[in-house]
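K.L.:
Below you will find the structure I want to go over with you.
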Amino acid sequence: MKVGIVGDAKRAAAWEQHLRPHRIVEEVELCPKINEVGNVDACLLIDDTPDNLDILLEGIRLGLNCFLIARQPTHTKKLENIHRAAEEAGVCVQFSHWPTLAPATQWMMDQINRPTLLSITREVNYSQFLNTEEEFRHFWIDELGLCMKWIDSGIHHVEAKQITMEQTLPVTIHIFLRFDNGSTADIKIYTGASENKHLRVASSRQQLLECDAPSQKVRVGKTNSSGRLYFEKQNFDPSKAAEKAALMFLKAIQMKQEPPYNTYDAYQLAVQVDRIQQRLKQFS
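Mapping of the sequence shown onto my numbering: residues 5 to 288, in sequence order.
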């Protein structure tokens, strides 16, 4: 396959290295602009600018299979247009939603198809938090996207509460979700912690999965013949996340399948982000 990479030269070179281990990649072309990409099988768009969705849409209209590498976008109308355009063009579009694409998550999704309960806690060291609403917002948006993707059911009910000190400093948020299939999820973000902690716990009636997100270490809880809980361990390499995400995208193109996090996932997440933000305004 021939792959084009569009974006900042330094980041593009780094992503070129992520592509090199894959035998299916025969040639890599680096371009500053998407309209300069030649005849390629796949295009990696590295763009965190406010116009990145417009550029992505341009790439789709050019008939390019695109992997947008950026913070998860939430512009509902633009994402709806992108979803429709991708469907009409018959191209593959993947978003870099890292909670979903992470190696440990992909393995856990194979172990538990749809968790009956998903609980996520992220505590951020107060001295490392940039104190911006946008950064805080993406903490919970990323986890919300994972809950929706993994449980894969309509959201029946949402409760959300955020505490912002002096109307400028977001400190904590708690989100509770009940899904149409009966599953529940909760997300807790706290930016006043003394130490960083990021834990995801998923449960079915047969097993329990506990993932330390930064290290990608997973504890697998099951019951033994005596009815007692015991744990096994699985370790994954977080440094391989980008390399594996690129491979999943390329395989989706080859197999003509949907990528792990597609335009529909991104659009549905944006819809629920709008819903939660309206909920937060009601109780602020």
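Every residue, glycine too, gets a C-beta built ideally from N, C-alpha and C.
With H, G and I counted as helix, E and B as strand and the rest as coil, what does DSSP make of Q210?
P.N.:
coil
K.L.:
Between Q272, H101, V277, Q276, which lies nearest to E84 when the distance is taken from Cα to Cα?
P.N.:
Q272
K.L.:
In this structure, how does DSSP classify G225 when only helix, strand and coil are distinguished?
P.N.:
strand
K.L.:
In three-state DSSP terms, what is A46?
P.N.:
strand
K.L.:
Helix, strand or coil: which one does DSSP assign to H26?
P.N.:
coil
K.L.:
Quick check on M169: buried or exposed, where buried means 16 or more other Cβ atoms within 10 Å of its Cβ?
P.N.:
exposed
K.L.:
May I ask you to report which of helix, strand or coil DSSP gives G11?
P.N.:
It is a strand residue.
K.L.:
Give the secondary structure of S243 by DSSP, where H, G and I count as helix, E and B as strand, and everything else as coil.
P.N.:
helix
K.L.:
Judging by CA-CA distance, which residue of E137, V162, G158 is the nearest neighbour of Q171?
P.N.:
E137
K.L.:
Could you pull out every residue in the same chain whose Cβ sits closer than 7 Å to the Cβ of D268, ignoring the five residues on either side in sequence?
P.N.:
It should be noted that the sequence gives Tyr, not Asp, for residue 268. So the list reads H87, once near-sequence residues are dropped.
K.L.:
Any idea which residues DSSP pairs R182 with across the strands?
P.N.:
H161, T188
K.L.:
Is the distance from the Cβ of S229 to the Cβ of L122 below 9 Å?
P.N.:
Not a contact, by the Cβ cut-off of 9 Å.
K.L.:
Starting from A281, trace the alpha helix (DSSP H) in both directions and tell me its first and last residue.
P.N.:
Note that residue 281 is Gln in the sequence shown here, rather than Ala. Where Q281 is concerned, the enclosing alpha helix (DSSP H) stretches over 267-286.
K.L.:
Express the C-alpha separation of K226 and I124 in angstroms, rounding to a whole number.
P.N.:
C-alpha of I124 to C-alpha of K226: approximately 20 Å in a straight line.
K.L.:
Would DSSP call T168 helix, strand or coil?
P.N.:
Secondary structure of T168 (DSSP, three-state): strand.
K.L.:
Give me whichever residues DSSP pairs with C215 in a beta bridge.
P.N.:
R204, V222
K.L.:
Taking the Cβ atom as the reference point for each residue, do V97 and I64 lie within a distance shorter than 9 Å?
P.N.:
The answer is yes: Cβ separation under 9 Å.
K.L.:
Could you give the residue range of the alpha helix (DSSP H) that holds R141?
P.N.:
Per DSSP, R141 belongs to the alpha helix (DSSP H) from 137-155.
K.L.:
By alpha-carbon positions, which one of A270, G231, I50 ends up nearest to K14?
P.N.:
Comparing Cα positions, the closest option is I50.
K.L.:
Give the range of the beta strand (DSSP E) segment to which L121 is assigned.
P.N.:
121-129
K.L.:
Under the three-state reduction of DSSP, which class applies to I38: helix, strand or coil?
P.N.:
helix
K.L.:
Report the partner residues of F235 according to the DSSP bridge assignment.
P.N.:
G225
K.L.:
Based on the DSSP output, what are the partners of F99 in its beta bridges?
P.N.:
L72
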